[in-house]
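Working notes, beginning with the structure itself.
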Amino acid sequence: MDYLTFLQLLDSTVRLATPLLLACLAGLFSERAGIFDIGLEGKMLAAAFVSAAIAFTSGSVWVGLLAGIGASLVLSVIHGIASITFRGNQLISGVAINFLAAGLAVVIAQDVFKQGGRTPALSGESRFEGITLPGAKALADVPVFGPLYAELISGHSILVYIAFAAVPFTWWVLSRTRFGLRLRAVGENPAAVDTAGVSVLRLRYAAVLICGVLCGIAGAYLSTALQAGFIKDMSAGRGFIALAALIFAKWRPWHALYATLLFGFFGALETRPDVIQAVSGIQINSALLSALPYILPVIILAGFGGRAIPPRAGGEPYVKER
Amino acid sequence: MDVMPKWAEVVLVPLISLLLAAIISALIILAIGEDPIAAAKLMVEGAVGSVRGWSYTLYYATNFIFTGLAVSIAFHARMFNIGGEGQAMLGGMGVALACLYVPWPHWSIALMAAIVMAAAFGALWALIPAYLQAKRGSHIVITTIMFNFIASALLIFVINEFLKPVGSQDPSSARFAAHLDLPTLNSILSSMGIKSSKDDSVNVTFLVSLLCAFGVWLLLWRTRLGYEIRAFGHSESAAKYAGINPVKITVVAMLISGGLAGLMGINTVMGEAERLVLNSTEGAGFIGIAVALMGRSHPVGVVIAAVLFGFLYQGGAELAFWTSIPRELIVVIQALVILFTGALDNMVRMPLERIFLMVRRNKSAGDV
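Now the structure itself:
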């Protein structure tokens, strides 16, 4: 494998890791506050559909992005009402949200666009294009670093850079601000936060809404940057892989980056069976290769790589008076 | 103290949840420019207005009884088995292997073998997540979801590499021998002298599913194992203190759950398609979640809820055929049912409890 192929592989790793990373950080905010969310998948899908649909009709991808975030937030509020206000089962609420998004997206897409549950293909202003960073052309001829800068670092859409910037930002919010401290506390010991006179409900709603915004960006990235338009079930289990990555990362922001890059790398390998064959010398069946992103989390969850301990109050609704 | 009488708990709460789901579905149909009342009529006519409609409704119901029971038994052990879909896929694979490679003399013997194979394959697919949950503490929800994806990849692999007849382009196995076709309920009825239509789908597997429902009831409320499963589900620490082995209960409950989901494969693979196709489960594993929630995890409730979802499925297919409403509307209705009967249960329950409390207070005040 030559250097350029390797860079291309890393390049698609970054592209595929981006939606996982955004969804993983989304889940991190929610679960750190004690709200399990297996509805990441549904929120991404809803945002993917709405942002593609609005980007197409308005002609502006930014309007589409905002609309996608809005759609994801609506589902977040439903999750919040079910699991915070009415103290329902958070897992079941998440499952309902996944189906709600999967069904509604196709029903509405069919009604509006009549193309068998997809949106028309996006182009030009209604899509996020890659940004060429300054100096990428000029440095391209510099050995080793030039191609690295031009191929791997430059040329992604703005959402990729937002996703990567979200990692240090999340770390800063969670570990260096008062809000972050309280948010983590509410996931470990909500009664203590309540005793200190801080609203458990409000903190948890805030976490769930942040989760909605990040899932919205992840979904918009799928349909307006990674691909050009919405197709049925296009999130393809990414929400669940993000959850697995979150557990693998033990609910920590920087580790979330490493975990999603790893899963992104396996996704990239799946698209390049020729590279695997060239390196390892074995031909791997494409169906089995496509199962790799799902087998890997199971192996990791089986405890290879240390025990993952979730936030202590995760999944439990908070009851004020006992 | 129970605030509500039992009938309200078992009948009223699910009914109100269902009503809420129906109202929102009607609003959605209205929003996409169709008439909800006409749509409802079309669904009723298509699903229960003819022998053909009924036989498809019960055919779908058969699938949902199996998957609903599967989710229910896991619920009783306080586990959430989202892997019914993958377990059903594997069950179907087991059925296909049994029917393809052994020259059975008669369908009834083949059915016995298919039951064993379907249950074994389904249970096997639940075993790994169950073991990881019990021994390594990895969350069963995540692992069973992953196993759904792995199962569909495995199914593609097995069909393409081993089961597809040479030269065939179709991603499916060869057709089973004709005499292995399971008799339909209609043909059984007509052999007893009762006239009914020829065109149908519901077959003897429906009776197997009812037997399973009875079996699950027996197991849960009449055996020691069932008691242990329920005790474990109510309180893990109390169950441990009573000498119940949590690892054993987790694994056994999931094996039964996976086996039940796997049995669904008999209906779709042996009863309907008569060969192994890629998408024979059609999301029935997930509908089991809605069925179990609506049926309150009780076999009788599961059977009733399964027939209701059979009605929705068959009615939805008719709806998609005659109007521009796509079949995915059923997924939306399913989501709403899960939301209202599962996650928003308290939203329905709290006001009801308040009403019952008020009535009771007025009554006791009147007695004085």
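Chains as they are written, first to last, in the numbering used here: chain A, 21 to 342; chain B, -18 to 349.
Cβ atoms here follow ideal geometry from the backbone N, Cα and C, with glycine treated the same way.
- Query: Going along the chain, which residues of its own chain have a beta-carbon closer than 6 Å to the beta-carbon of B/R308, five neighbours each way excluded?
  - Reply: Translated into the one-based positions of the second sequence, residue 308 of chain B becomes position 327. By the criterion of a C-beta distance shorter than 6 Å, B/R308 is surrounded in its chain by G297, A301, once the five residues flanking it on both sides are discounted.
- Return helix, strand or coil for B/N184, following the three-state DSSP convention. Counting from 1 along the second sequence, the entry for residue 184 of chain B is found at position 203. DSSP places B/N184 within a strand segment (E or B) once states are collapsed to three.
- Message: Against chain B, with Cβ distances strictly below 8 Å, would A/P331 count as a contact?
- Response: Sequence index remark: in the first sequence, residue 331 of chain A carries index 311 (1-based). Interface annotation, A/P331: not in contact with chain B, CB-CB separation never under 8 Å.
- Query: Which class does B/T43 belong to by DSSP, given the choice of helix, strand or coil?
  - Reply: Locating residue 43 of chain B in the second sequence gives position 62, counting from the first residue. Looking at B/T43 - three-state DSSP - the assignment turns out to be helix.
- Beta carbon of A/A67, beta carbon of A/G88: below 8 Å? For the purposes of this step, residue 67 of chain A is identified with residue 47 of the first sequence, where counting begins at 1. For the purposes of this step, residue 88 of chain A is identified with residue 68 of the first sequence, where counting begins at 1. Yes, these two residues count as a Cβ contact at 8 Å.
- Could you name the residues of chain B that A/Y314 contacts, counting a contact when the two beta carbons are closer than 7 Å? On the first sequence, position 294 is the one that residue 314 of chain A refers to. Result: M127, F130, I131.
- Comparing the C-beta of B/M339 with each C-beta of chain A, is any distance below 8 Å? Position 358 of the second sequence, counting from 1, holds the residue named residue 339 of chain B. Under the Cβ distance rule, B/M339 does not count among the residues neighbouring chain A, no pair being separated by less than 8 Å.
- May I ask you to report which of helix, strand or coil DSSP gives B/M(-18)? Numbered from 1 along the second sequence, position 1 holds the residue referred to as residue -18 of chain B. Residue placement at B/M(-18) cannot be trusted, given a pLDDT of 47 that sits under 50; what the coordinates show is reported in the next sentence. Three-state result, B/M(-18): coil.
- Message: For the pair the segment 339 to 348 of chain B and the segment 122 to 134 of chain A, tell me if three or more CB-CB distances fall below 8 Å.
- Response: Taking 8 Å as the limit for Cβ pairs, the verdict is that the segment 122 to 134 of chain A does not touch the segment 339 to 348 of chain B.
- Query: Between B/V197, B/I96, B/A223, B/W198, which lies nearest to B/E209 when the distance is taken from Cα to Cα?
  - Reply: For the purposes of this step, residue 209 of chain B is taken as residue 228 along the second sequence, with counting starting at 1. Of B/V197, B/I96, B/A223, B/W198, the residue nearest in Cα terms is B/A223.
- Cβ-Cβ distance between A/G207 and A/G334 below 8 Å: Here residue 207 of chain A refers to the residue found at position 187 when the first sequence is read from its first residue. Here residue 334 of chain A refers to the residue found at position 314 when the first sequence is read from its first residue. In contact: A/G207 and A/G334 (Cβ atoms closer than 8 Å).
- Is B/T322 near B/S(-2), with beta carbons less than 8 Å apart? Numbered from 1 along the second sequence, position 341 holds the residue referred to as residue 322 of chain B. Numbered from 1 along the second sequence, position 17 holds the residue referred to as residue -2 of chain B. Yes; because the gap between Cβ atoms is below 8 Å, this pair is in contact.
- Can the beta-carbon of B/G305 be found less than 8 Å from the beta-carbon of B/F56? Counted from its first residue, the second sequence places residue 305 of chain B at position 324. Counted from its first residue, the second sequence places residue 56 of chain B at position 75. The amino acid at residue 305 of chain B is misidentified as Gly; the sequence shows Ser. Contact flag unset, no.
- Query: Would you call the CB atoms of B/R156 and B/E253 closer than 8 Å?
  - Reply: Mapped onto the second sequence, residue 156 of chain B falls at position 175. Mapped onto the second sequence, residue 253 of chain B falls at position 272. No. Outside cutoff.
- Message: Taking the alpha carbon of B/A242 as the reference point, which residue from B/S154, B/V288, B/A194, B/R203 has its own alpha carbon closest?
- Response: As a working note, residue 242 of chain B is residue 261 in the second sequence. Ranking B/S154, B/V288, B/A194, B/R203 by Cα distance to B/A242 puts B/A194 first.
- Any beta-carbon of chain A closer than 8 Å to the one on B/D326? Locating residue 326 of chain B in the second sequence gives position 345, where the first residue counts as 1. Against chain A, the CB of B/D326 has a partner CB under 8 Å away; the residue lies at that interface.
- Item | Backbone secondary structure at B/V258 - three-state DSSP | Counting from 1 along the second sequence, the entry for residue 258 of chain B is found at position 277. DSSP, read as helix, strand or coil, puts B/V258 in strand.
- Item | Interface residues of chain A facing B/Q355 [CB-CB closer than 8 Å] | Examination of residue 355 of chain B is not possible in this model, given that chain B is present from -18 through 349 alone.
- Task: Go to B/V29, then tell me how far its alpha helix (DSSP H) extends in each direction, as first and last residue.
- Result: Reading the second sequence from its first residue, position 48 is the one you call residue 29 of chain B. Going by DSSP, B/V29 is part of the alpha helix (DSSP H) stretching over 17 to 29.
- Message: My assumption, with CB atoms under 8 Å, is that A/G287 sits in contact with A/L36. Please give the rounded CB distance.
- Response: Sequence index remark: in the first sequence, residue 287 of chain A carries index 267 (1-based). Sequence index remark: in the first sequence, residue 36 of chain A carries index 16 (1-based). Between A/G287 and A/L36 the beta-carbon gap is near 4 Å, inside 8 Å, which marks them as a contact.
- Is it buried or exposed for B/H215, if we count other Cβ within 10 angstroms and need 16 for buried? Stepping through the second sequence from its first residue, residue 215 of chain B is reached at position 234. Counting Cβ neighbours within 10 Å, B/H215 comes out exposed, since fewer than 16 surround it.
- Leaving out the 5 sequence neighbours to the left and right, which residues in its chain are closer than 7 Å to B/I268 when beta-carbon positions are compared? Taking the first residue of the second sequence as 1, we reach residue 268 of chain B at position 287. Cβ neighbours of B/I268 within its own chain (closer than 7 Å, five residues either side excluded): F45, T48, F290, Q315.
- Task: Step through the CB atoms of chain C and report whether any lies within less than 8 Å of the CB of A/L65.
- Result: Included in the structure are the protein chains A and B, with no chain C among them.
- Simplified DSSP assignment, three categories, for B/T304: Here residue 304 of chain B refers to the residue found at position 323 of the second sequence. The three-state reading of DSSP puts B/T304 in coil, since its state is none of H, G, I, E or B.
- Task: Could you tell me if A/S243 is buried or exposed, where buried requires 16 or more neighbouring beta carbons within 10 angstroms of its beta carbon?
- Result: Counting from one through the first sequence, the residue named residue 243 of chain A turns up at place 223. Counting Cβ neighbours within 10 Å, A/S243 comes out buried, since at least 16 surround it.
- Taking Cβ positions only, does A/A43 come closer than 8 Å to chain B? Position 23 of the first sequence, counted from the first residue, corresponds to residue 43 of chain A. With a threshold of 8 Å between beta carbons, A/A43 makes no contact with chain B.
- Scan the segment 86 to 108 of chain A for residues whose Cβ lies nearer than 9 Å to a Cβ of chain B and list them as they occur along the chain. Flagged, chain order: I98, H99, I101, A102, S103, T105, F106, R107, G108.
- Query: What are the boundary residues of the alpha helix (DSSP H) that includes B/Q315?
  - Reply: Taking the first residue of the second sequence as 1, we reach residue 315 of chain B at position 334. For B/Q315, the uninterrupted alpha helix (DSSP H) segment begins and ends at 310 to 319.
- Message: Relative to the C-alpha of A/A248, which candidate in A/G84, A/A276, A/T280 has its C-alpha closest?
- Response: As a first step, residue 248 of chain A is located in the first sequence; it is residue number 228 there, counting from the start. Closest by alpha carbon: A/G84.
- Would DSSP call A/T291 helix, strand or coil? For this step, residue 291 of chain A is matched to residue 271 along the first sequence. The three-state reading of DSSP puts A/T291 in helix, counting H, G and I together.
- What number of angstroms, rounded off, separates the C-alpha of B/Y112 from the C-alpha of B/I311? Within the second sequence, residue 112 of chain B is the residue found at index 131, counting from 1. Within the second sequence, residue 311 of chain B is the residue found at index 330, counting from 1. One C-alpha to the other measures close to 34 Å.
- C-alpha distance - A/T152 paired with A/I178, whole-angstrom precision: Here residue 152 of chain A refers to the residue found at position 132 of the first sequence. Here residue 178 of chain A refers to the residue found at position 158 of the first sequence. The straight-line gap from Cα to Cα measures roughly 10 Å.
- Query: Taking Cβ positions, are A/E145 and A/G79 nearer each other than 8 Å?
  - Reply: Taking the first sequence and counting its residues from 1, one reaches residue 145 of chain A at position 125. Taking the first sequence and counting its residues from 1, one reaches residue 79 of chain A at position 59. In this structure, A/G79 lies closer than 8 Å to A/E145 by Cβ.
- Beta-carbon of B/I169 versus every beta-carbon of chain A: anything under 8 Å? Numbered from its first residue, the second sequence carries residue 169 of chain B at position 188. No, B/I169 does not count as interfacial toward chain A.
- Message: Residues of chain B with CB closer than 9 Å to the CB of A/G323, please, in chain order.
- Response: Along the first sequence, one-based indexing puts residue 323 of chain A at 303. The answer, in chain order, is L113, K116, R117, G118, S119.
- Message: Just checking A/S96 against the ligand ADP - is the residue's beta carbon closer than 7 Å to any of the ligand's heavy atoms?
- Response: In the structure shown, the ligand ADP is absent, as is every other ligand, since no ligand is present at all.
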